[in-house]
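Quick notes on the structure that follows.
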Amino acid sequence: MYASPFTMDTNRAHGSLPEQYKRKTILTVERAFPYVKTRIAIIDRERLVLSPIEVAIEDLQKKTDELRLAIQQEPADPKILQMVIQGCISTAVNQGPLEVANIFLYPIMNGLELPNIHHNRLRLCFKEFTRRLAEALKRNKTLIQADQREYQKDLENKFTKFTESLQPLLLACKQSTVIETTLASNKNVKKVRSSRSFNNGTSTSATIMLTGSLPDEETSN
1 MYASPFTMDT NRAHGSLPEQ YKRKTILTVE RAFPYVKTRI AIIDRERLVL
51 SPIEVAIEDL QKKTDELRLA IQQEPADPKI LQMVIQGCIS TAVNQGPLEV
101 ANIFLYPIMN GLELPNIHHN RLRLCFKEFT RRLAEALKRN KTLIQADQRE
151 YQKDLENKFT KFTESLQPLL LACKQSTVIE TTLASNKNVK KVRSSRSFNN
201 GTSTSATIML TGSLPDEETS N
């Protein structure tokens, strides 16, 4: 598999966050590698196009994996850990995780867009990302020397500001997702044909609208 970034502007492969797409090409060959031959015929080719929000989700998952690996590395490497943390909370304003949240979740908070499955996936990715980032900071605190205490404090302050800015966006997305799910459920109205038998052998049928609860039955004389 290989991936190719692109934008709708044919002259540019890379663009801003809301412009960045990615094309994934999955190749299937006759035999699995490694094989005695260095070249194997391709028998199938599949292409997938990721939307900008899907590209952002993949990038955030990648950063989360980098944090996890840096935390779990044994023996611990403070330089690697600090480099990964720095790349997560001290990135350029126009490409950092907070900018991703502002681009894709801010319209949800302001009611300009309705949430979809990708917005919810992004919200969940941010939850895992912040959890791993908190773990990384805690881990780093146990590894630093006395001369790095100010550096640790600066990282923690940046993390606090990041989470304070992120929290309203995630909360708004979660609430909007719950509302949309509830509305969709209420619209799923089913008609059920109900048949009622009486002692005289006759029967009558009624259409019942299921909207979460059955209507009160009429009393028959």
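Anchor point for the sequence shown: position 215 equals 215 in the UniProt record's numbering, and the numbering is continuous, going up by one each time. Ideal placement from N, C-alpha and C gives every residue a C-beta, glycine not left out.
Roughly how many angstroms lie between the CA atoms of residue i and residue j, to the nearest whole one?
i: L69; j: Q82; result: 13 angstroms
i: K153; j: T10; result: 45 angstroms
i: L137; j: A41; result: 48 angstroms
i: residue 233; j: Q86; result: No answer is possible for residue 233: the residues shown for the chain start at 1 and end at 221.
i: E128; j: V36; result: 42 angstroms
i: M8; j: L105; result: 22 angstroms
i: G96; j: I89; result: 7 angstroms
i: R149; j: Q73; result: 22 angstroms
i: L143; j: L67; result: 16 angstroms
i: G15; j: E113; result: 22 angstroms
i: A32; j: I80; result: 35 angstroms
i: F162; j: E99; result: 10 angstroms
So residue i is in the alpha helix (DSSP H); what residue range does that whole segment cover?
i: L98; result: 97-109
i: D65; result: 52-72
i: I26; result: It is not in any alpha helix (DSSP H) - I26 instead sits in the beta strand (DSSP E) that spans 21-29.
i: P78; result: 78-89
i: E135; result: 117-141
Short of 7 angstroms in beta carbon distance, which residues of its chain neighbour residue i, apart from the five on each side in sequence? Order them along the chain.
i: P115; result: I108, C173, S176, T177, E180
i: F6; result: A13, Y21, R23
i: E54; result: H118
In its own chain, which residues sit with a C-beta less than 6 angstroms from the C-beta of residue i, not counting the 5 before and 5 after it?
i: L166; result: A101
i: T64; result: E128, F129, R132
i: E46; result: I26
i: I57; result: R121, L122, C125
i: L169; result: A101, L105, M109
Within 10 angstroms of the Cβ of residue i, are there 16 or more other Cβ atoms? Answer buried if so, exposed if not.
i: L48; result: exposed
i: residue 222; result: It is not possible to answer for residue 222, since the shown part of the chain is limited to 1 through 221.
i: P18; result: exposed
i: A3; result: exposed
i: L60; result: buried
i: N110; result: exposed
i: N140; result: buried
i: V84; result: buried
i: I43; result: exposed
Go through its chain and collect everything with a Cβ distance to residue i's Cβ below 8 angstroms, but skip five positions before and after it.
i: S51; result: Y21, H118
i: M1; result: K24, T25, I26, L27
i: D77; result: A70
i: A134; result: F159
Considering just the uninterrupted stretch of the beta strand (DSSP E) at residue i, what are its terminal residues?
i: A3; result: 2-6
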